[in-house]
Structure formats: structure tokens, C-alpha cells
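Student: I have a structure here, written as C-alpha cells, and I will follow up with some questions on it.
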Amino acid sequence: MPTDEPSEAFHVTTDEQLRAVSNLTRHRIMAQLRFAPATITQIAERVGLAKGSSSYHVRLLERAGLVKVVRTRKVRGVTERYYAMAARSLVLPTPGEGQPDTLMRNVVADLEAAPADDERYVRLSHLRLTDEQFAELGARLEALADEYGELSDPSLPDVSLAFALFRPAARAQARGESE
């Protein structure tokens with residue numbers, strides 16, 4: 000277990016941090032470290048990487064302040080480091096106009112890589128809501144995610160939950176036309 004509890008949220012603010020979280024491999028490494036610390040060898044096995052690649056990606060995450068060493072131990076004369084997330088959650092900056100939403104791109108990549116025969120729930124709904132309804136739905140979705148986050152048990156299989164509640168660009172804007 001970590002020697003000290005991670006902070007509640009880490010706000011990604013620098014270009015180095017944004018580059019670190021934008022990479023799909025590092026996104027998957029951070030997902031592995033959410034519930035329990037792991038060594039480079041354990042991370043490599045869980046993510047399906049060579050140890051050298053795992054070490055490289057973890058070093059970048061550590062340099063960006065996203066992961067940290069929480070425990071060390073000597074194994075046959077070698078110091079083994081256990082890494083964990085520096086915070087319980089990451090807060091990414093809102094992408095600028097025309098910039099990709101890094102988090103959602105990584106989520107879609109993870110969804111596409113998930114076994115097709117596993118149970119999954121994917122749904123797209125188009126709604127028309129007042130500002131108050133929009134805010135209420137967002138708060139309810141976040142509360143539901145938090146509620147189930149509290150129930151998470153590291154001994155159970157990983158499950159990913161992603162949601163995006165947003166107002167799409169107007170059709171003319173989306174096609175690059177003037178209104």
C-alpha cells in the first residue's frame with residue numbers, strides 16, 4: 000500500500016504534463032496504477048510492454064509529477080520501486096477550439112481494444128435540455144461515478160466508465176461554414 004495517501008486531484012497545467020497524459024500507453028499505465036502500486040515489471044506484464052518500454056513511460060510520468068515512488072524494497076541487491084498515481088484523479092485542461100480531446104480519444108482507443116465478446120454498454124443520446132437540466136444531469140452523472148468509485152475493489156476486474164455531456168457545435172460551425 001502507498002506510504003501516504005495521494006492528493007484528491009492533480010491539475011494538468013504544463014505542456015510536459017499534457018504530453019505525458021496524451022499518450023495511449025501512458026494512459027493505460029496510469030489506469031493500472033489507480034488502485035494499487037506496481038513495479039516496472041508488474042506494469043510491463045499488465046500493460047503488455049517490454050520492461051524497457053514500461054520503464055521509459057513510467058519515467059516520463061514521474062518527471063511530469065503524475066506518478067510517484069511510494070515504496071521501495073531490496074530484492075537480491077537491487078532496489079525495487081513501487082509506483083502509484085500522485086492523485087486520485089486527473090483534471091485535464093479544456094481543449095482549445097479545434098484541438099483534440101485527449102481523454103476521449105484514449106477512451107475510444109480503449110473501447111476499440113476491449114474484447115468484442117465482453118459485455119459492454121455504449122449509448123449515444125441526443126437531448127434537448129435547459130441550462131438547469133444540463134447542470135443537474137452532469138452533477139448526477141458525476142455523483143453516480145463517485146458512488147461506484149467508492150465501491151471499487153482492486154481484486155475485481157477493471158471496468159472503465161466514461162461519459163461526456165456537452166453541447167455540440169452548431170451544424171454550420173461543425174462544417175466550417177459561416178451562419
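Numbering (numbering that gives the first Met the number 0), first residue to last: 0 to 178.
From the three backbone atoms N, C-alpha and C, an ideal C-beta is built for every residue, glycine too.
On a predicted model such as this, the values are computed, not experimentally measured, just so you know.
Using the three-state DSSP reduction, which class does residue 136 fall into: helix, strand or coil?
Tutor: In the structure shown, residue 136 sits in a helix (DSSP, three-state: H, G or I).
Student: Within the same chain, show all residues whose beta-carbon is closer than 7 Å to that of residue 32, passing over the 5 residues directly before and after it, in chain order.
Tutor: Around residue 32: 66, 82, 83, 84.
Student: My assumption, with CB atoms under 8 Å, is that residue 63 sits in contact with residue 15. Please give the rounded CB distance.
Tutor: Right, their Cβ atoms sit about 5 Å apart.
Student: Ignore the nearest five residues each way along the sequence and tell me which others in residue 79's own chain have a CB closer than 7 Å to its CB.
Tutor: 38, 71, 72.
Student: How big is the Cα-Cα spacing for residue 101 and residue 109?
Tutor: Looking at the two C-alpha atoms, the distance is approximately 12 Å.
Student: In whole angstroms, give me the CA-to-CA distance for residue 49 and residue 143.
Tutor: Answer to the nearest angstrom: the Cα atoms are 37 Å apart.
Student: Helix, strand or coil for residue 222, going by three-state DSSP, please let me know.
Tutor: The chain is shown only over 0 to 178; residue 222 falls outside these bounds and no answer can be derived.
Student: Using DSSP with H/G/I as helix, E/B as strand and the rest coil, what is residue 81?
Tutor: Residue 81: strand per DSSP, three-state reduction.
Student: Can you give the Cα-Cα distance for residue 94 and residue 153, rounded to whole angstroms?
Tutor: C-alpha separation (whole angstroms): 32 Å.
Student: Based on the DSSP output, what are the partners of residue 6 in its beta bridges?
Tutor: DSSP lists 86 as partners of residue 6.
Student: For the alpha helix (DSSP H) that contains residue 24, what are its first and last residues?
Tutor: Per DSSP, residue 24 belongs to the alpha helix (DSSP H) from 23-32.
Student: Below 8 Å CB to CB, which residues in the same chain sit around residue 119 once its five sequence neighbours on both sides are set aside?
Tutor: Excluding sequence neighbours, residue 119 sits near 110, 113.
Student: To the nearest angstrom, how far is the alpha carbon of residue 74 from that of residue 26?
Tutor: Near 28 Å, if we compare the C-alpha coordinates of residue 26 and residue 74.
Student: Report, in whole angstroms, the separation of the C-beta atoms of residue 9 and residue 151, which I expect to be a contact under 8 Å.
Tutor: At roughly 18 Å, the Cβ-Cβ gap does not stay under 8 Å, so residue 9 and residue 151 are not in contact.
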